[in-house]
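Top line first, the protein sequences correspond to chains A and B. Per numbering that gives the first Met the number 0, the very first residue in the first sequence carries number 0; after that it's consecutive. Per numbering that gives the first Met the number 0, the very first residue in the second sequence carries number 0; after that it's consecutive. Using N, Cα and C, we set each Cβ at its ideal position, and we do this for glycine too. Structure, as structure tokens:
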Amino acid sequence: MSKPPPPVSTMLMRGLFEENPVYRLALSLCPAVAVTTSVKNGLMLGVAVFVVQVLSSVSASLVKHIINPKIRIPVFTIIIAIWVSVMDMTLAALFPHIYEEVGLYVKLIVAFAIIISRMELFSMKYPVVPSFWDGFGMGLGFLAAMAMAGAFRELLGNGSLLGFPIVEFQPLLLVILPAGGFFTIGLIMALYNLVDVKLGHKLPEEKMGGGHQHG
Amino acid sequence: MEKQAPPDLREMVSIALGLTLVCLAAAIILGGVYFLTEPAKVRNVRAREQATIQELLGLEAGARIEEVRRYLSWKGKHLEVLYLTPKRLVRVDETGEELETYSVPVEVETAQSPDAKDEWVMEAVNAADSDDFGYVGRFFVGLEDGRTAGYVVEGVTPGYKTWIRFFLAIDADFGVQGLEIVEHEEDPGLGAEITQPYFKNQFVGRGFAQTQDLEVTKDPLPNKWEKALESLGDQDFEAWVQAQRPLIDSHPKIYAITGSTISSEAVTNGVKRALSNFRTRMNVVEDYL
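Below is the structure:
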């Protein structure tokens, strides 16, 4: 609590651009590749992660004073598991059709590195309100990342967006396949870097002295 | 790395207390949400089941679907079987001889959750006196204009990793009218192909004897047969069977999915067993429906 929290706008932009979970931090790539075969799937998982991220960040910030730091990791895991289970049960009850498609992935959110890393890096140090905005920004960043990758892959691989046919051409099957998911994420990552260079920012690798490892 | 000192007593208590509190909060939240969402979930599962049955039997929207649940009760070496139809609960002995019939109260008949039905049955027959009592399976009767349009049996069979749950639609002559895999955890791209038309439709249109003789072959699926299998669903079941009769009869074996012989055999054996068991049971319960 030594540093004052950054302004809300910075926290939102950070999730979307500077520290985008998928394209900048390269976290949770596995579901990003698996689910983004269409915009709809990507959006649905994105929304689920967004909700879990916000709730978990807020909860972690709420309990940080009564929890011994030595057990913070198991406590974080329990908190995430609570909200994921709540999401799972709510989806199954209220949106059975969506649940049929994303049910499998919703349970996997428990193991998403991005959620626990935000709790550890941010919620442990700041009060509830900034934690909410940090979770909001990061969740939004993940949601946007999933939507982007989904749109790219659905458009090139299927010629449609959100299920509506857009262009008529022989679709590039490769883009839909898992390998295409990595290409897609690599390309969007490159785009992020390109924008940074154009804006005169330093690339993340240079900032950190290069050769750092992703979690 | 520096060696950490073991935590002192105070710290240990605070750790244990913290974890207990968090787990307690988790239990309260999860319990509350479960309590609120479970009825809706049960309703959704039921609606999906009904839709699957309706599609399998080709029923119209106004058709009625009745569920028949089966229970086994062991008293020492003595076995009794119970059938719960919407209106009646019938208790029979091993040979199918009727022992007792109970009528089902309205609130149980209209109950949404299967648990409510099971509880009533256990109470009605004093299940506590049995050494072992349990629900073992169910089937559905599709009724259209008061006439029986067909049956759907729920079956389970051990798959490659865990149980495969399926719905088997059966006509009045105990022939297979359709197969739908309801739940499975086979590997995607391999065993999971059992849900594909080119596999599951291989059972459709076969009579009782033909089904019991089914074997699994590792030969590749002939192109013409595959096309015919894929086309079921585009047209009415009866029209399809009539048109494809020569192809059905000339392919008396089930073509295994490439690389997934175990899953293919699991489904084949499950279908055979479900069908023959159903015929035996139907002889007993027919009169009570």
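In the structure shown, Ala255 (chain B) falls within a coil segment according to DSSP collapsed to helix, strand and coil. For Ala273 (chain B), the closest of B:Arg42, B:Tyr150, B:Ala15 by C-alpha to C-alpha distance is B:Tyr150. For Phe166 (chain B), the enclosing beta strand (DSSP E) covers residues 162–169.
Taking 8 Å as the threshold, the shortest C-beta distance from Ser249 (chain B) to chain A does not fall below it. In the DSSP assignment, Glu99 (chain B) falls within the beta strand (DSSP E) that extends over 97–102.
When Cβ-Cβ separations below 8 Å define contact, Ala91 (chain A) makes contact with chain B. Your pair Leu24 (chain A) and Glu18 (chain A) checks out as a contact, with CB atoms roughly 6 Å apart and the cut at 8 Å. Ile77 (chain A) carries a helical assignment under DSSP once its states are collapsed to helix, strand and coil.
Taking C-alpha positions only, Lys252 (chain B) is separated from Tyr197 (chain B) by approximately 13 Å.
Annotation: Lys63 (chain A) is outside any alpha helix (DSSP H) and is labelled neither H nor E by DSSP. Met118 (chain A) has a beta carbon lying at 8 Å or more from every beta carbon in chain B. Burial state of Arg146 (chain B) is exposed, judged by a 10 Å Cβ sphere holding fewer than 16 other Cβ atoms. Straight through space, the alpha carbons of Pro95 (chain A) and Ile65 (chain A) are spaced by roughly 38 Å. A residue is called buried once 16 or more other Cβ atoms fall within 10 Å of its Cβ, and Trp73 (chain B), having fewer, is exposed. Near chain B, meaning a CB-to-CB distance below 8 Å, the residues of the segment 63–77 of chain A are Ile65, Ile66, Asn67, Lys69, Ile70, Pro73, Val74, Ile77. The DSSP-derived three-state label of Ile184 (chain A) is helix.
Between Val57 (chain A) and Gly136 (chain A), the gap from beta carbon to beta carbon reaches 8 Å or more. The beta-carbon distance between Ile97 (chain A) and Ala148 (chain A), rounded to whole angstroms, is 19 Å. This is too long to meet the 8 Å contact definition. Partner residues in the beta bridge of Arg90 (chain B), as assigned by DSSP, are B:Leu81, B:Glu99.
By the criterion of at least three beta-carbon pairs nearer than 8 Å, the segment 157–166 of chain B is in contact with the segment 177–197 of chain B. Taking a Cβ-Cβ threshold of 7 Å, the residues of chain B close to Ser84 (chain A) are Leu29, in chain order. From the beta-carbon of Ala191 (chain B), no residue of chain A is found nearer than 7 Å; the closest lies around 12 Å away. Beta-bridge partners assigned by DSSP to Ser130 (chain A): none are found. Nearest Cα to Ser60 (chain A) within the set A:Val32, A:Leu26, A:Val127: A:Val127. Taking the Cα positions, Leu71 (chain B) is about 13 Å away from Arg280 (chain B).
Interface criterion met: the Cβ of Lys40 (chain B) is under 8 Å from a Cβ in chain A.
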